[in-house]
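Report on the structure given below.
Numbering (UniProt numbering), first residue to last: 1 to 132.
Written out as structure tokens, the structure reads:
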């Protein structure tokens, strides 16, 4: 379990350490995934530079789509990594597990599924409705 059964009642040092290790492990995984994606992106660019002879519009379009997909993947990984970094900061500050919108405790089930959550379900739904 990532958090105490009653999030708002505080956590033991052992629980905080367990949460920290879990968040840090996922952050490290995302960092490694990012580095791998950067290497793949660089290889893709090298192949593009060396293999342009005889390209028609379809070839150029395919290469552009592949490049866009690779860039999108990099942005997604960086975004997720930033979420875990933010969660680690909140843990260190003692605000992890509390909604940034209303300060209510985030349900344990939500944190177990989405450890980097910063809002309760109600605030998340409100944000999504406003964005739509």
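We put the CB at the ideal spot given by N, CA and C, even for glycine. Quick caveat: nothing in here was measured; it's all calculated off a predicted structure.
| Asked | Found |
| --- | --- |
| Three-state secondary structure (DSSP) of residue 87 | helix |
| Paired residues, beta bridge with residue 105 - DSSP | 98 |
| Segment limits, alpha helix (DSSP H) that includes residue 131 | 121 to 131 |
| Coarse secondary structure for residue 12, derived from DSSP in three states | coil |
| Cutoff 6 Å; reference residue 83; Cβ partners in own chain excluding five residues on either side | 116 |
| Identity of the residue in 130, 30, 63 nearest residue 76 by Cα | 30 |
| Three-state secondary structure (DSSP) of residue 118 | coil |
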